[in-house]
Amino acid sequence: MATVAASPTYTASATPQRSRLMSWLTTTDHKVIGTLYLHTSLFFFVLGGLEALLIRWQLMRPNSVVLTADQYNQLFTMHGTTMVFLAIMPLSAAFFNYLIPLQIGARDVAFPRLNAFSYWIFLLGGVFITLPIFFWVAPDGGWFGYAPLSGRTYSPGPNMDFWVLGLQILGISSLAASFNFATTIINMRAPGMNLMRMPMFTWMSFVTQFLIILSFPVITIALVFLQFDRFFGTTFYQISAGADPLLWQHLFWIFGHPEVYILILPAFGLVSEVLPTNSRKPLFGYPVMAYSGILIGFLGFGVWAHHMFAVGMGPIADTVFGLTTMLIAIPTGVKIFNWIFTMWGGSIRFTAAMKFAIALIAMFVIGGISGITHASPPSDLQQTDTYYIVAHFHYVLFGGAILGIFAGIYHYFPKMYGRTMNETLGTWHFWLNFIAMNLTFFPMHFAGMLGMPRRIYTYDAGQGWELFNMMSTMGAFLLAPATLIFIYNFFRSKKHGEPCGPNPWDAPTLEWSIPSPPPEYNFAKIPMVTSRYPLWDLTHPERTAEIPHTQTGWTEATQQTGEHDMAPMHIETETRTAKELGIPMPSSTIKPFFVALGIVLMFSGLLFLPKGMKVPAFALMFGGTAMWVGYLYAWLTTPLEDHH
Amino acid sequence: MLTKVHTGLDAVPGVWWKPAHRAEKMWVAIAFAWCMVLFAMMPLWHWRGGQNPSGIRRKVEPRAFYARTVEFTKQYQVGEDRGFPIVQPPAGSDVYLTALTYQWYPILQLVQGEKYRLHISALDVNHGFSLYPLNVNFQIIPGYDYALEVTPTASGDFRIICNEFCGIGHHTMVGRVIVLDQRGERVSDNSNARLTNAPGGTTGAQP
Chain S
1 MATVAASPTY
11 TASATPQRSR
21 LMSWLTTTDH
31 KVIGTLYLHT
41 SLFFFVLGGL
51 EALLIRWQLM
61 RPNSVVLTAD
71 QYNQLFTMHG
81 TTMVFLAIMP
91 LSAAFFNYLI
101 PLQIGARDVA
111 FPRLNAFSYW
121 IFLLGGVFIT
131 LPIFFWVAPD
141 GGWFGYAPLS
151 GRTYSPGPNM
161 DFWVLGLQIL
171 GISSLAASFN
181 FATTIINMRA
191 PGMNLMRMPM
201 FTWMSFVTQF
211 LIILSFPVIT
221 IALVFLQFDR
231 FFGTTFYQIS
241 AGADPLLWQH
251 LFWIFGHPEV
261 YILILPAFGL
271 VSEVLPTNSR
281 KPLFGYPVMA
291 YSGILIGFLG
301 FGVWAHHMFA
311 VGMGPIADTV
321 FGLTTMLIAI
331 PTGVKIFNWI
341 FTMWGGSIRF
351 TAAMKFAIAL
361 IAMFVIGGIS
371 GITHASPPSD
381 LQQTDTYYIV
391 AHFHYVLFGG
401 AILGIFAGIY
411 HYFPKMYGRT
421 MNETLGTWHF
431 WLNFIAMNLT
441 FFPMHFAGML
451 GMPRRIYTYD
461 AGQGWELFNM
471 MSTMGAFLLA
481 PATLIFIYNF
491 FRSKKHGEPC
501 GPNPWDAPTL
511 EWSIPSPPPE
521 YNFAKIPMVT
531 SRYPLWDLTH
541 PERTAEIPHT
551 QTGWTEATQQ
561 TGEHDMAPMH
571 IETETRTAKE
581 LGIPMPSSTI
591 KPFFVALGIV
601 LMFSGLLFLP
611 KGMKVPAFAL
621 MFGGTAMWVG
631 YLYAWLTTPL
641 EDHH
Chain X
1001 MLTKVHTGLD
1011 AVPGVWWKPA
1021 HRAEKMWVAI
1031 AFAWCMVLFA
1041 MMPLWHWRGG
1051 QNPSGIRRKV
1061 EPRAFYARTV
1071 EFTKQYQVGE
1081 DRGFPIVQPP
1091 AGSDVYLTAL
1101 TYQWYPILQL
1111 VQGEKYRLHI
1121 SALDVNHGFS
1131 LYPLNVNFQI
1141 IPGYDYALEV
1151 TPTASGDFRI
1161 ICNEFCGIGH
1171 HTMVGRVIVL
1181 DQRGERVSDN
1191 SNARLTNAPG
1201 GTTGAQP
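Just so you know, the sequences run in chain order S and X.
So the first sequence is residues 1 to 644, counted in this note's numbering.
So the second sequence is residues 1001 to 1207, counted in this note's numbering.
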């Protein structure tokens, strides 16, 4: 590997006289957008982590006064909101952007400008919802903002305004991106890349896009109701006017539970790429892995009320939702066993990515099993809203989603930057992270079983909670250096990492057949696929001998375009630019950025309304609307490619 | 021009479709039977095991409920703790408890082994009823009366902790339930974990 030259030359020649900032603002390249997503969401991940550190510092001892109660409420609300909407979801989106087109053999996503728009509105929405924490006016109603507490009567300040509007802005980003990726996967697969040959990450992403498309409209409706209640005096959640406070809970969790699978399925997908590659064996039970992903997504819509067992829905509803919840354990268990069987008998290579992937299996099982304990309503009534629940979902989200994403970053970093991340630092990061996360989250089970409720600012001594809180805080303080090691490794490896070739891990899928980092057009010739593991067909045919190989779709592809590479699969070495090769690429444009900015300005105007500041309110609302409508019109009337 | 669409869902030939091994079939049969047992256990435990309190939930006007609680408090008040009324209703009567930011009103004084019909509701936002240290949890929602048939099975001085986030004073929202022993006398504050005659290990809520 060491003899391979560093980044090919086209990366330098492809950026003509534009400044770096300008090239970011105007990019429509899914790979650049993917890395922008990656950096932004890592920033938010660190920010959410710092918020967690303050929370843990406050809870370290009983009757502590490190923070005020108001600051504490803002911190735990923002920790949840940041981690869910600004860290894990966009970290997954970074991989959607970077990997989906490469894995299916496409040159870009279906709508490159919409893709840029998704990123910019995510970034601006993230800034919108995060900025208030620096002035201590951040949202303070919990990440699920239960009405009527989140209504104007009980939260009169601007805090929850930021939350209601910020989540709507972020929802636009998620919806735009999900339509884009679903279309990309349906329409832009290379010839022969039929659905049952897609890499498992693309499969899980595909399911995730449908979860987003179907669940985000629900939270949008709930938020629009709340927004109208807060700003325009409607009474959707006002109990004195006859509203039912359960409406918000139902709407929120119909979105909120699929959201859990939106967070975890991409990580499952990443792990399903890392495990076979590093076990040097095909994924065990590929079709069942795909089907169980679909089933998790499908069942995920029928379980929302298990978040509400304690509201008194009655035994029938409780039993039904308990049963559907337990059903989800079946496809999830199938995945766990298939990962284990993928490693079984394989020739395992313990790279940093592989360690994280294996740790995900173990930690997710702990989170899954504690989840089954509160799938049963009688036992849930002992646990609901205690730290036991906090322990459970941190095992699922940190032990599941975040470990999977770390595995993905270590695994795909070489593809993104042409250099590998330092394995020694990766191992340090892994072990510190692994020990610290267990030290942080495992004692929470016990604090919860001893009755410690969630979201309390402080607690009295003598209830048996001190030791467990102290342990959790120590663990959190240990997570900080672990993350620092990772951040240092990440940025250092970009410049000083060991240069690698197109396929440093000897992986089987299409994204590894092109140079690292890939040229702007990804594939000089669109590949023709005959099996699930095209690169292993070339280098290790014995590994894929039992998998069917056909040329489905080849004839039609050549009839339609005639530009496909009829040669067998090979590793590409093309280093010319798109222009030299005559490949039409979407042109750079700043319009998506301004559409996003206009929408965010329009929403910010509303913040001034409750204070009676009509001039800035209407100036921002009308100005923002004019901006996004104008730029959207210009965007839609400009062709995608300027040279063709 | 339309071409044939490849769904990719062609049959997958391969090792996966071999007939199942005898051990695998047995494993599936045992797992299925065990699933059925567990599924049946849930409703059975609910109705017969007496572990999970079945509340009856009715719609109610929050202000009217609070007014009823105040009236109930005036009727049966027996004492006071730092300004909070202590109320001892007669056995078998309807008992009212209102959650409001950030207090539980009033303090209830019940007698061990007697039956009460407990009505809990909230005046303003969602609250959580959690009996410490015994950890029974309900969400208390404004507009809904959560009615429970309650027989205290342990005597002592219990705390009600709010476990549904309700705002800035959430952590201070602690209520009190005093359960007198069968002779009608108070037991010392520290004995609240002493269970007598408590099947299922749960107190406060026996249907």
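Don't be surprised by glycine CBs; every beta carbon is placed ideally from N, CA and C.
Computed from a predicted structure; not experimentally measured.
> Rounded to the nearest angstrom, how far is the Cβ of M444/S from that of F468/S, given a contact under 8 Å?
Replying inline: Going by Cβ atoms, the distance from M444/S to F468/S rounds to 7 Å, so yes, they are a contact pair.
> Can you list the residues of chain X that R152/S reaches, using a CB-CB cut of under 9 Å?
Replying inline: What R152/S touches in chain X: nothing, since even the nearest Cβ is about 13 Å away.
> Roughly how far, in whole angstroms, is the beta-carbon of L403/S from the beta-carbon of L360/S, given that I think they are within contact range, below 8 Å?
Replying inline: Rounded to the nearest angstrom, the Cβ distance from L403/S to L360/S is 4 Å, consistent with a contact under 8 Å.
> How far does the alpha helix (DSSP H) with L432/S in it reach, from first residue to last?
Replying inline: In the DSSP annotation of this structure, the continuous segment of the alpha helix (DSSP H) that includes L432/S starts and ends at E423 to M449.
> In whole angstroms, what is the alpha-carbon distance linking Y631/S and A476/S?
Replying inline: Using only the alpha carbons, I get a separation of about 45 Å.
> Going by Cα to Cα distance, which pick from I185/S, L195/S, F128/S and N433/S is closest to V164/S?
Replying inline: Relative to V164/S, the option among I185/S, L195/S, F128/S and N433/S whose CA is nearest is F128/S.
> Would DSSP call W1104/X helix, strand or coil?
Replying inline: DSSP places W1104/X in strand when its eight states are reduced to three.
>> For chain S, check one thing: does any of its Cβ atoms lie closer than 8 Å to the Cβ of E1164/X?
In response: Yes - at least one Cβ of chain S is within 8 Å of the one on E1164/X.
>> My parser needs the beta strand (DSSP E) runs of 3 or more residues fully inside the segment 136 to 174 of chain S; what are they?
In response: The segment 136 to 174 of chain S contains no complete beta strand (DSSP E) run of 3 or more residues.
> What are the partner residues of N1137/X, as DSSP defines its beta bridges?
Replying inline: Partner(s): S1130/X.
>> Please return the same chain residues whose Cβ sits closer than 8 Å to the Cβ of T539/S, not counting the five positions on each side in sequence.
In response: Contacts found: D506.
> Can you name the residues of chain S whose CB is closer than 9 Å to the CB of P1133/X?
Replying inline: By Cβ distance, chain S contributes L450, G451, Q463 and G464.
> Within 10 angstroms of its Cβ, does V1037/X collect 16 or more other Cβ (buried), or is it exposed?
Replying inline: That one is exposed.
> To the nearest whole angstrom, what separates the beta carbons of P1089/X and Y1105/X, a pair I think is in contact under 8 Å?
Replying inline: That belief does not hold up - the Cβ atoms of P1089/X and Y1105/X are roughly 14 Å apart, past 8 Å.
> List, in order along the chain, the chain S residues whose C-beta lies closer than 7 Å to that of F1084/X?
Replying inline: Chain S residues near F1084/X: none, gap ~18 Å exceeds 7 Å.
> Does the segment 619 to 638 of chain S come within contact of the segment 600 to 610 of chain S, defined as at least 3 CB pairs closer than 8 Å?
Replying inline: Yes, the segment 619 to 638 of chain S touches the segment 600 to 610 of chain S.
> So, do the segment 198 to 205 of chain S and the segment 112 to 125 of chain S have three or more beta carbon pairs nearer to each other than 8 Å?
Replying inline: As far as the Cβ criterion goes, the segment 198 to 205 of chain S does not touch the segment 112 to 125 of chain S, which means the pair count is below three.
>> For S347/S, count the other beta carbons within 10 Å of its own beta carbon; 16 or more makes it buried, fewer makes it exposed. Which is it?
In response: Counting the other CB atoms within 10 Å of its CB gives S347/S a total below 16, which places it among the exposed residues.
> Of the residues that make up the segment 126 to 142 of chain S, which ones have a beta carbon closer than 7 Å to any beta carbon in chain X?
Replying inline: Contacts with chain X (Cβ-Cβ distance below 7 Å) from the segment 126 to 142 of chain S involve G142, listed in chain order.
> Is Q383/S near G322/S, with beta carbons less than 8 Å apart?
Replying inline: No, the pair does not count as a contact, with Cβ atoms beyond the cut-off.
>> Just verifying my parser: in three-state terms, what is the DSSP assignment at R532/S?
In response: For R532/S, the three-state secondary structure derived from DSSP is coil.
> Roughly how many angstroms lie between the CA atoms of A6/S and L535/S, to the nearest whole one?
Replying inline: Unreliable placement is indicated for A6/S, whose pLDDT of 44 sits below 50; no coordinate value is reported for it.
> How would you list, in chain order, the residues of chain X whose beta-carbon sits under 8 Å from the beta-carbon of T458/S?
Replying inline: Those within 8 Å of T458/S in chain X are H1171.
> Would a C-beta distance cut-off of 8 Å place R1176/X and I1107/X closer than the cut-off?
Replying inline: Closer than 8 Å, so yes.
> Looking at the unbroken alpha helix (DSSP H) that takes in L265/S, where does it start and where does it end?
Replying inline: Counting along the chain, the alpha helix (DSSP H) containing L265/S begins and ends at L246 to S279.
> Do we get a CB-CB distance below 8 Å when we pair W1027/X with the residues of chain S?
Replying inline: W1027/X does not count as touching chain S.
>> Given this structure, state the Cα-to-Cα distance separating T183/S from A147/S, to the nearest angstrom.
In response: Taking the straight line from one Cα to the other gives about 36 Å.
>> Going by C-alpha to C-alpha distance, which of D1157/X, N1126/X, Y1066/X and I1056/X sits closest to W248/S?
In response: Distances from the alpha-carbon of W248/S to those of D1157/X, N1126/X, Y1066/X and I1056/X put N1126/X closest.
>> Let me confirm a value: H392/S is counted as buried when at least 16 other C-beta atoms fall within 10 Å, else exposed. Which label applies?
In response: So H392/S ends up on the buried side.
>> Taking 8 Å as the threshold (beta carbon to beta carbon), is V311/S in contact with chain X?
In response: It does; some Cβ of chain X falls within 8 Å.
>> Under 8 Å, Cβ to Cβ, is there at least one residue of chain S near P1019/X?
In response: False, the Cβ-Cβ gap to chain S never drops below 8 Å.
> Where do the N-terminal and C-terminal ends of the alpha helix (DSSP H) with Q463/S fall, by residue?
Replying inline: For Q463/S, there is no enclosing alpha helix (DSSP H), as DSSP marks it with neither H nor E.
> Buried or exposed: which applies to M326/S, given that a residue is buried once 16 or more other Cβ atoms fall within 10 Å of its Cβ?
Replying inline: Burial call: buried.
>> Our contact map puts R576/S next to R197/S with C-beta atoms below 8 Å; I'd like the distance itself, whole angstroms only.
In response: Contact between R576/S and R197/S fails: their C-beta atoms lie close to 29 Å from each other, not under 8 Å.
> Based on Cα-Cα distance, which residue from S376/S, P191/S and P453/S lies nearest to T678/S?
Replying inline: Here chain S comprises residues numbered 1 to 644, so residue 678/S is not present and cannot be evaluated.
> Which residues mark the beginning and the end of the beta strand (DSSP E) in which S1121/X is found?
Replying inline: It spans Y1116 to A1122 - the beta strand (DSSP E) in which S1121/X sits, taken as one unbroken run.
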